[in-house]
Structures are given as C-alpha cells and as structure tokens.
Amino acid sequence: MPNRDNFPALFERLKLNFQSLVPPLIVQNDTAENYYLVTPGSSHYPKGMFFGAVQIKKNYVSYHLMPVYVCTDLLADISEPLKKRMQGKACFNFTVMDETLLDELARLTEAGLARFRQKQFL
C-alpha cells in the first residue's frame, strides 16, 4: 500500500504542469483533490473539450492528459519509465515524487497544448 502522506504534495507538483497553461485553458474544478481543465469553445467544439486533470485517488495521484489520446504520436518519444506510469491511453499514475518524470510530463503537456492549437481545438 503506498504512503498517502505525500499525495497532497505530489498533487500540487503535478498541478503546476497545468497551471502555466491557464489561460488559454479554463479551470473547471479546483479542489484539494481534483484539478480539471477544459479548452475554451472553438469552431470545432463550441462548448470546449476536456484537456486534462490531476486527481488524488485511493492508491495514487492520476494525471489525465487528453492530447495523448487524441494525438497518439505524442507518445512516440516518451521514456520507458514514464510509459510504465501509464494506465489506459491518457492517464499517468504516480505514488512518489520523481522530478525527472514530472518534468518530462510537463514537456509532454506543453506539446499537447501546441497540438491542440494546431488542430484548432482551442
């Protein structure tokens, strides 16, 4: 069973990856255990669309990143250790702070935002 004591600090660190993207992204939910971002409305998605979230779960902290689901080629160059953190197609789970992986995830997140702009999702 992972040590949940470090989950709030891990959540705040992962949240930093998203906070630098506001604006143009819009915070839809900001609580102690859930930080949820959407895109502004666009011609393709007038109501906006889910971009990403950080959530504290029972056994890990989840980082959801929709651009890697929509544009799977973004995952082509991620490191093997980050790939091991993946669950499903667009979720990365963490139980401990690993700055190398968190920095790589920040770069992936920025690339995802650039790709969403390119595809005119925002």
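Residue numbers (our numbering): 605 to 726. From the three backbone atoms N, C-alpha and C, an ideal C-beta is built for every residue, glycine too. Just so you know, these numbers come straight off a predicted model, no measurement behind them.
query: So, using beta-carbon positions, are Phe615 and Val658 closer together than 8 Å?
result: yes
- prompt: With 16 as the cutoff for other CB atoms within 10 Å, does Thr635 come out buried or exposed?
  reply: exposed
Cut-off 6 Å between Cβ atoms - residues of its own chain near Gly652, not counting five sequence neighbours on either side: Val642, Thr643, Pro644, Gly645
task: In the DSSP assignment, find the unbroken alpha helix (DSSP H) run with Asn621 in it and report its ends.
output: 611-623
task: Could you have a look at Gln659 and say whether DSSP puts it in helix, strand or coil?
output: In the structure shown, Gln659 sits in a strand (DSSP, three-state: E or B).
Top-ranked residue by Cα proximity to Lys723, from Pro606, Tyr649, Lys693: Tyr649
message: I need the DSSP call for Gln691, collapsed to helix, strand or coil.
response: strand
query: Mind checking whether Ala694 and Leu669 have CB atoms under 8 Å apart?
result: yes
query: Going by Cα to Cα distance, which pick from Arg608, Asp609, Phe654, Gln691 is closest to Arg671?
result: As written in the sequence, residue 671 is Pro, which differs from the Arg given in the question. Among Arg608, Asp609, Phe654, Gln691, the Cα nearest to that of Pro671 is on Phe654.
- prompt: Which of helix, strand or coil does DSSP assign to Val672?
  reply: helix
- prompt: So, are the CB atoms of Tyr673 and Phe698 less than 8 Å apart?
  reply: Against a cut-off of 8 Å, the Cβ pair of Phe698 and Tyr673 comes out as no contact.
Close-in-space but distant-in-sequence residues of the same chain around Arg689 (CB under 8 Å, 5 per side omitted): Phe696, Asn697, Phe698, Leu705
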